[in-house]
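Undergrad:
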Amino acid sequence: MKKILITGGMGFVGKYLTEKLAGDEVYVAGLEKECHVLDICNSSDTDSIIKQIKPDIIYHLAGQSSVAVSWKNPQLTVDVNIKGAVNLLEAVRKYSPESKVLLTGSSEEYGCTCLASENDHMFPENIYAVTKLSQEMLGKVYHNAYGLKTVMTRSFNHIGAGQLPVFAVSDFCRQTARIEKGLAEPVIKTGNLSARRDFTDVRDIVNAYAALVQYGRDGEVYNVGSGNAVSLQSILEMIISFSSADIKIEKDPARFRPADVPEIKADISKITADTGWKPVIPLEQTIKNVLDYWRKNEDN
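In the numbering used here, the protein residues as written are 0 to 299.
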């Protein structure tokens, strides 16, 4: 049985990963009272928990994960995503250098309209993307300089039941559920719907992370996504088609970002070659799951 530490384990992805790894000795760390208390921005906290547990595997999921929030609160985003990564890597270097460390990054690092390959140049176009690229580079530096067993991801959009409505798909499903319950006018407010994104079910994502910890090469970066780009317009139309309500779409200027990548999808040939992983859950099923979640949980 392996000792596994999941930072940010009470978050959206963390809960799914914790459930998947239930057969191992899993330590969930975060700011919530239900888990080991860890403020990743506090080096003493981070040192203490790594020194205490000496985990075989670390899934570093803790972070500020919203592009929209990064524009509103850049300092928080930099502190959590960059300082937090430094604190973790330093703690591992000092107290648990044999730990395998998975650092989760983002497709936003690419900042280009393309089929994104791990060998492409990076052109981050928002603050969140810059912090995630910095985290990735730190992972490489600590591998090259100190021999740490780091594996980095560039994870594309992942969705599923329980995701916060600060993210578009969850937000659209929540708005739809509220309309169905008579809690809102039959209008869904949106930002840019022309953007095309690569969406993957969170359950496929955590399977990819587990595969990378087992088979991923140290010091390497891997795309994690579906390999397909779908417009937010198509996603919203799919959600509305699953509802009996008569729903209109209304553009809301407040929901548009200062800068937005028009289209991006993942080249997943590297992760498939090294681990055998491919996503298996259809997008339509994921959308239905998210909509049903909000139908059950949106009451006021």
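Every residue, glycine too, gets a C-beta built ideally from N, C-alpha and C.
Model, not experiment: these values are computed from the prediction.
Taking its Cβ as the centre, do 16 or more other Cβ atoms sit within 10 Å of N206, making it buried, or is it exposed?
TA: N206 should be labelled buried.
Undergrad: Could you give the DSSP three-state label for H142: helix, strand or coil?
TA: Three-state result, H142: helix.
Undergrad: Could you tell me the alpha carbon to alpha carbon distance between S98 and V201, rounded to whole angstroms?
TA: The alpha-carbon atoms of S98 and V201 are separated by roughly 24 Å.
Undergrad: Is it right to say Q174 is buried, meaning 16 or more other beta carbons lie within 10 angstroms of its own, or is it exposed?
TA: Counting Cβ neighbours within 10 Å, Q174 comes out buried, since at least 16 surround it.
Undergrad: If we require 3 or more residues per run, which beta strand (DSSP E) segments fall completely within the stretch 146-198?
TA: Entirely contained in the stretch 146-198, the beta strand (DSSP E) runs reaching 3 residues are, in chain order, 148-154 and 186-189.
Undergrad: What's the C-alpha gap between V100 and I39?
TA: Cα to Cα, V100 sits roughly 15 Å from I39.
Undergrad: Could you please give me the residues that DSSP links to H59 through a beta bridge?
TA: T6 and L102, per the DSSP bridge assignment.
Undergrad: Report the option in L235, T189, P281 and N227 whose CA atom is closest to the CA atom of E249.
TA: Nearest of L235, T189, P281 and N227 to E249, Cα basis: T189.
Undergrad: For R92 and L147, which I take to be in contact (beta-carbon distance under 8 Å), what is that distance rounded to the nearest angstrom?
TA: With a Cβ gap of about 6 Å, R92 and L147 count as contacting.
Undergrad: Quick check on the DSSP output: the alpha helix (DSSP H) that includes E236 runs from which residue to which?
TA: First-last of the alpha helix (DSSP H) with E236: L231 to S240.
Undergrad: Per DSSP, what kind of secondary structure is K131 in: helix, strand or coil?
TA: It is helical.
Undergrad: With DSSP run on the structure shown, which of helix, strand or coil describes V260?
TA: Three-state DSSP puts V260 in coil, outside helix and strand.
Undergrad: What residue from K131, G218, N191 and L163 has the CA that sits closest to Y145's CA?
TA: It is G218.
Undergrad: Going by the beta-carbon positions, is the gap between K131 and G104 smaller than 7 Å?
TA: Closer than 7 Å, so yes.
Undergrad: Between V220 and E135, how many whole angstroms is the CB-CB distance? I'm expecting something under 8 Å.
TA: The Cβ separation is near 6 Å, so the contact holds.
Undergrad: Tell me which residue opens and which closes the beta strand (DSSP E) that K247 is part of.
TA: Looking at the DSSP string, the run of the beta strand (DSSP E) that includes K247 is K247 to K250.
Undergrad: DSSP three-state call for E24: helix, strand or coil?
TA: In the structure shown, E24 sits in a strand (DSSP, three-state: E or B).
Undergrad: I'd like to confirm the pairing. Which residues does DSSP put opposite C113 in its beta bridges?
TA: Answer by DSSP bridge pairing, in chain order: I263.
Undergrad: Which residues bound the beta strand (DSSP E) around V220?
TA: That run of the beta strand (DSSP E) goes V220 to V223.
Undergrad: Alpha helix (DSSP H) containing D44: first to last residue?
TA: D44 -> alpha helix (DSSP H) spans S42 to I52.
Undergrad: Please report the distance separating the alpha-carbon of I239 from that of I246.
TA: Whole-angstrom Cα-Cα distance: 7 Å.
Undergrad: Taking the C-alpha atoms as reference points, what is the distance between Q74 and S243?
TA: Spanning the two alpha carbons is a distance of roughly 43 Å.
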